[in-house]
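Visitor: Structure in structure tokens, see below.
Listed below in structure tokens is the structure:
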């Protein structure tokens, strides 16, 4: 995607309280053009991270990881970075477990990601950083981007790191997507209004 958009790093949007959805809740897809689910790793930042932070500083700032599902409405093809950012990267909701991260630190050793559609395993990966890049580097990148706009990455914030597998277009008859991050935990979202 970076090459396709001719950019040097991932786009950085923002999470709002209004977009947060607890695991198991229902999201109405009424009026959505092309609903897509992105199973992602939520990185829980416990310490402030300044622009230019080294890898060790960013790594120590990661208090833990948990599963998340970002719900986006792909209203147009992802071709123009400015338009994509203008729509907050198509984001409509982020599904979180609501619990503190069950896995501390930034390691992905022994983590298995399983995505379930219609109650059946659809895809799995044991390398959740293969599709997104390294979480420590993502934390550093977000800190740099925020600093460019006079902001700072603060302890207590959450970064969703990008889809661990190819984004999943929600089919018309589909009513649930679940993401299991073994052995950490899982999240699911239900769909209505189609």
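Numbering (the numbering used here), first residue to last: -2 to 191. Glycine is no exception: its CB is placed at the ideal position from the N, C-alpha and C atoms. Bear in mind the structure is a predicted one, so any value in this text is a computation, not a measurement.
(1) Which residues in the same chain have their Cβ closer than 7 Å to the Cβ of residue 88, if we skip the five residues on either side of it in sequence?
(2) Alpha helix (DSSP H) containing residue 143: first to last residue?
(3) Report the start-end ranges of each beta strand (DSSP E) in the region 88 to 128 that is 3 residues or longer and not cut off at the edges.
(4) Which complete beta strand (DSSP E) runs does the region 145 to 183 hold, if anything under 3 residues is left out?
(5) Among 64, 12, 6, 50, which residue has its Cα nearest to the Cα of residue 179?
(6) State the beta-bridge partners of residue 73 as determined by DSSP.
(7) Per DSSP, residue 42 forms a beta bridge with which residues?
(8) May I ask which residues mark the beginning and end of the beta strand (DSSP E) holding residue 17?
(9) For residue 32 and residue 50, what's the separation of their Cα atoms in angstroms?
(10) Could you tell me which of 59, 35, 25 sits nearest to residue 43, measuring between CA atoms?
(11) From 161, 159, 190, pick the residue whose C-alpha is nearest to that of residue 170; which is it?
(12) Please state whether the Cβ-Cβ distance between residue 46 and residue 62 is less than 7 Å.
(13) Considering Cα atoms alone, identify which of 162, 95, 134 is closest to residue 103.
Guide: In terms of the structure at hand:
(1) Taken in chain order, the residues that qualify are 10, 16, 67, 69.
(2) Residues 132 to 145.
(3) Taken in chain order, the complete beta strand (DSSP E) segments of 3 residues or longer contained in the region 88 to 128 are 88 to 93, 109 to 114, 117 to 122.
(4) With a minimum length of 3 residues, the continuous beta strand (DSSP E) runs that stay inside the region 145 to 183 are 155 to 160, 173 to 179.
(5) Closest by alpha carbon: 64.
(6) Its beta-bridge partners do not exist; DSSP assigns none.
(7) Answer is 59.
(8) 17 to 19 is the extent of the beta strand (DSSP E) around residue 17.
(9) Residue 32 and residue 50 have their C-alpha atoms roughly 36 Å apart.
(10) 59 is the residue among 59, 35, 25 whose C-alpha sits nearest the C-alpha of residue 43.
(11) For the residues 161, 159, 190, the minimum Cα distance to residue 170 belongs to 190.
(12) Not a contact, by the Cβ cut-off of 7 Å.
(13) When 162, 95, 134 are compared, the shortest CA-CA separation from residue 103 is found for 134.
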